[in-house]
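Let me begin by presenting the structure, written as structure tokens, before commenting on it.
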Amino acid sequence: MTSPGPLPAEVTERLRDGAFLLIDKPRGPSSHQVTAWVRDLLGVERAGHAGTLDPNVSGLLWVGVGRALKLIPLILEFPKRYVGVMVLHGPVPAAEIGRVAAEFQSAIFQTPPVRSAVKRERRIRRIHRLSVPEIALPRVLLDVTADSGTYVRTLAVDLGEALGTEAHLEELRRV
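Here it is as structure tokens:
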């Protein structure tokens, strides 16, 4: 991710006072790295992000500076929306995919993956919406709106299991 260059002084000054920047984070850098770039670009002491995106995930990253930092806990409470490409490892009737996906629109139990920043305890997360806008087997496009803290990669594995096969998420983007 490259900087667009220096911002006009009047813009930088207004942002420093307190603002959220909605950054389209590319795959590669961590959320922490992107936040540090914003901090350095604006010349502020503190900046924070509202919801971590793994380095291999792209998409919307809320970065707060100044007085906006106090609002981060509020933003973390809202559901997040993701689109992703799930790859099925075995044959599954296409008609079954949407039906089984609809069954996941509820409160579900999730255990964070081994490589995660939180304690690996089973917890409840709500899947507000899970749709399948496109199927080109073995790939399935998923559109997911879920509680903050939901592991969409784990959801894809669970969905594959419910379909009677293994599955993984090939691509994930927060929108």
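Read in order, the letters of the sequence shown are residues 1 to 175 in the UniProt record's numbering. A virtual CB, placed ideally from N, CA and C, is assigned to each residue, including glycine. None of the values given here were measured: they were computed from a predicted structure.
Simplified DSSP state of residue i, which is helix, strand or coil
i    : result
R16  : helix
D54  : coil
V175 : coil
L42  : helix
G160 : helix
E10  : helix
Close beta carbons around residue i, own chain, < 7 Å, minus the five adjacent residues each side
i           : result
S30         : P55
R66         : Inspection of the sequence shows that residue 66 is occupied by Gly rather than by Arg. Counting only Cβ-Cβ distances below 7 Å, and skipping sequence neighbours, we find R16, D17, G18, A19, V44.
L50         : Residue identity check: residue 50 is Ala in the sequence provided, not Leu. Only W62, G64, I72, I75, L76 meet the Cβ criterion.
G28         : P55
residue 185 : This structure cannot settle anything about residue 185, because the visible part of the chain is limited to 1 through 175.
Reference residue i, options the options, closest by Cα
i           : options               : result
E45         : G64, T150, S58        : G64
A156        : V114, Q110, K70, R120 : Q110
residue 209 : A68, V57, G59, L60    : In the structure displayed, the chain extends from 1 to 175; residue 209 sits before or after that span and is not available.
S106        : A9, E134, G84, D147   : D147
L74         : D158, W62, K25        : W62
F125        : E134, G98, G149       : Phe is not the amino acid found at residue 125; the sequence shown has Arg there. Of the candidates E134, G98, G149, the one whose C-alpha sits nearest the C-alpha of R125 is G149.
V92         : T52, G28, I135        : I135
D53         : R99, F78, R120, P26   : One point to set straight first is that residue 53 is Leu, not Asp, in the sequence displayed. Checking every option, the nearest Cα to that of L53 belongs to P26.
Residues that DSSP places opposite residue i in a beta bridge
i    : result
A167 : L88
L61  : I23
H32  : Answer by DSSP bridge pairing: none, since H32 is not bridged.
G149 : G149 is not bridged to any residue.
Close Cβ partners of residue i (< 6 Å) along its chain, the five nearest in sequence each way excluded
i    : result
E166 : H89, G160
L142 : G84, M86
R129 : T145
S131 : D143
Proximal residues to residue i (C-beta, below 8 Å), its chain only, five neighbours per side dropped
i    : result
V114 : R120
P79  : R126, H128, T145, A146, D147, S148
Cβ of residue i within 8 Å of any chain B Cβ
i    : result
A146 : No chain B appears in the structure shown, which is made up of a single protein chain.
Which complete alpha helix (DSSP H) runs does the segment 65-146 hold, if anything under 4 residues is left out? 72-76, 94-103
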